[in-house]
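This report refers to the structure that appears directly beneath it.
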Ligand code: ADP
């Protein structure tokens, strides 16, 4: 990792290099521009300096030509033309040192004194030419002589022109060299700074690429994490809903929430859920976390109990609220059933107490009836009354039997196991429900293939309660069964080797498929809360297990069948001995 100090240094270096390169580039461009301008100026100057010498030379050549022509055939017109040429030449000569171009020529060679001599000479020639007469026969000869005097001026002008050209060429050469020499330094510097800049850009691009790769990798990791998180959220068996606090719309919900409310985000159920959550949590806005417990009514009228929490989350780059709720309907129902069971237990205790209290008056009635019958015996015509007294006595016996059974059933288990006759215990339990079955028109039969001596080891009262529970369940099953056949419950007691079996089978239609899997679970019931607790079979299993046996529930041909398997006393004794 690069420290922040190093990063600062690199940043400064980069900045310095870029600034230096830009400055150098600008300086080089300006240098080239100024050199080009200087070159152009010099060229113009050199051309100008050669030009005056050239002009003067031309005029001299023309003047010499005029001399030559006029000297052969002197005419007045020729003399006039010659004079004009001489005047032009005369006017050109001062330009060789006095004009701007002439002053430049002075840098090549100083010809001013010589030119001034020729000016005087030309003046004299001019004066003499003016005096010449074309008719004079000697004038041609004289003109020839005068023309000859200008020959050295021609040489002077020619050599001046040549030297000026040579000088100009020399200046050109030097200038070129200078331009090349001075141009190379900024070029080299420009090359170095350009290369450095290119390298810098290259490394910068490489670093950027590396950083981009890292960012893209981080982004893909983040995306994978997000997908994992979404998968986890989707599979969580709790409702997870993300709420946008701006307009209370649902931004996300998992599959559990969808199965509770709806798969469509536009379903009005979501609004009801959010409103319910807000009410239950005293308005979630302004708080970061909190518990809530609420109820949600499904469109079918089913009330679902929900408990959970909400918290602030960053979802889709915006602060939103995550609502996590667990369906606690079953727990709530179980709580209600426990309360119901507690109430039933209290009722059971009361029933036992009442049965106990009734025993005394029943005994008094029984005794009073016996006394009355005894007093009636010697009296004449007392037979009808005696019959009535017998009926009273029989009903008192029946009532006594019932209170005995109630007391027996309600008696708390002592946890003291002992041997008891399996057949007797089953018959005792059956006798307890006989009246109920008769009232409901259910035929209750027993097939006992074991002698009464066959004993099992355990708490007899508890075992009787197990059988009673199975019989009551069969009785209750007929309440919802279709009445297309005669109602019957058959109890079978049999023995195979050292194992005894008690089967309770009815023809009430059987156990519902969803109940079959949870039959022995505590609080699993299909009965209304005021009737069923879902504890009967769960308690039955634990009682039978305490006796070293097992119990299964299944669907038979026309109804349910429960089979209890128990080791006989002989078997358990021999097992204990082993
Ligand atoms: P409860 O009787 O309080 O519901 P149980 O544990 O005794 O509790 O029974 C659990 C459930 O098993 C019943 O609610 C009923 O749905 C089912 N069940 C038990 N026995 C039978 C039966 N003979 N026929 C049909 N269903 C039965």
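Residue numbers (our numbering): 722 to 1299. All residues carry an ideal CB built from backbone N, CA and C; glycine is no exception.
Which one of 1238, 894, 1090 and 855 has the shortest CA to CA distance from residue 795? 855
For residue 1033, three-class secondary structure by DSSP: strand
In or out: residue 1218 buried (at least 16 other Cβ within 10 Å) or exposed? exposed
Bridge partners - residue 748, DSSP secondary structure assignment: DSSP lists no partner for residue 748.
Determine the DSSP secondary structure at residue 1273, reduced to helix, strand or coil. strand
Alpha carbon to alpha carbon, what distance is there between residue 875 and residue 782? 8 Å
Would you report the Cα separation of residue 1189 and residue 1156, rounded to the nearest angstrom? 13 Å
Determine, using beta-carbon pairs with one atom in the region 1014-1030 and one in the region 993-1002, whether at least three such pairs fall under 8 Å. yes
Return the chain-ordered list of same chain residues with a C-beta closer than 8 Å to the C-beta of residue 738, the five sequence neighbours on each side being excluded. 914, 917, 918 and 921
Three-state class that DSSP yields for residue 1038 in the structure shown: coil
Tell me which residues share the same chain as residue 1168 and place their Cβ nearer than 6 Å to its Cβ, disregarding the 5 neighbours each side in the sequence. 1213
Could you spell out where the beta strand (DSSP E) holding residue 1161 opens and where it closes? Here residue 1161 belongs to no beta strand (DSSP E), and DSSP marks it neither H nor E.
Can you tell me the Cα-Cα spacing of residue 1104 and residue 1110, whole angstroms? 10 Å
Anticipated Cβ contact below 8 Å, residue 1106 with residue 1143, distance rounded: No, residue 1106 and residue 1143 are not in contact; Cβ-Cβ is about 45 Å, not under 8 Å.
Kindly identify the DSSP beta-bridge partner or partners of residue 976. According to DSSP, which records beta bridges pairwise, residue 976 is partnered with nothing at all.
Have a look at residue 986 and residue 1222 and give me their C-alpha separation to the nearest angstrom. 57 Å
Residues that DSSP places opposite residue 1286 in a beta bridge: 1222 and 1271
For residue 1078 and residue 1120, what's the separation of their Cα atoms in angstroms? 12 Å
Give me the Cβ distance between residue 787 and residue 881, rounded to the nearest whole Å; I'm assuming they're in contact under 8 Å. Not a contact, Cβ separation roughly 22 Å.
Apart from the five residues just before and just after residue 1290, which ones in its own chain have a Cβ nearer than 7 Å to its Cβ? 1140, 1176, 1177 and 1178
Taking only heavy atoms of ligand 1 into account, decide whether any of them is closer than 7 Å to the Cβ of residue 1248. yes
Between residue 1229 and ligand 1, is there a pair consisting of the residue's CB and a ligand heavy atom that are separated by less than 7 Å? yes
Would you tell me roughly how many angstroms separate the C-alpha atoms of residue 670 and residue 943, rounded to the nearest one? With the chain covering 722 to 1299 only, the question about residue 670 has no answer from this structure.
My understanding is that residue 849 touches residue 867, with C-beta atoms under 8 Å, so please give their C-beta distance in whole angstroms. 6 Å
C-alpha gap between residue 1226 and residue 1210, whole angstroms: 6 Å
Can you name the residues that DSSP bridges to residue 1027? 1015 and 1048
Ordered list of beta strand (DSSP E) runs contained in the region 907-979, each at least 3 residues: 960-965 and 970-974
For residue 1133, which three-state DSSP category applies? Since pLDDT at residue 1133 reaches only 48, below the 50 mark, its modelled position is unreliable, and the value read off the structure follows with that caveat. Residue state, collapsed to three classes: coil.
Pair within 8 Å by beta-carbon distance, residue 995 and residue 977: no
Alpha carbon of residue 1019 to alpha carbon of residue 1049, nearest angstrom: 15 Å
Examine ligand 1 and report whether any of its heavy atoms sits within less than 7 Å of the Cβ of residue 1213. no
How would you label residue 1233, buried or exposed, when you count the other beta carbons within 10 angstroms and need 16 or more for buried? exposed
For residue 855, which three-state DSSP category applies? coil
Let me check you understand the geometry: is the CB of residue 1240 closer than 7 Å to at least one non-hydrogen atom of ligand 1? yes
Environment of residue 832 [buried if 16+ CB atoms lie within 10 Å]: buried
Could you tell me how far apart the beta carbons of residue 1062 and residue 1254 are, in whole angstroms, since I believe they sit closer than 8 Å? 5 Å
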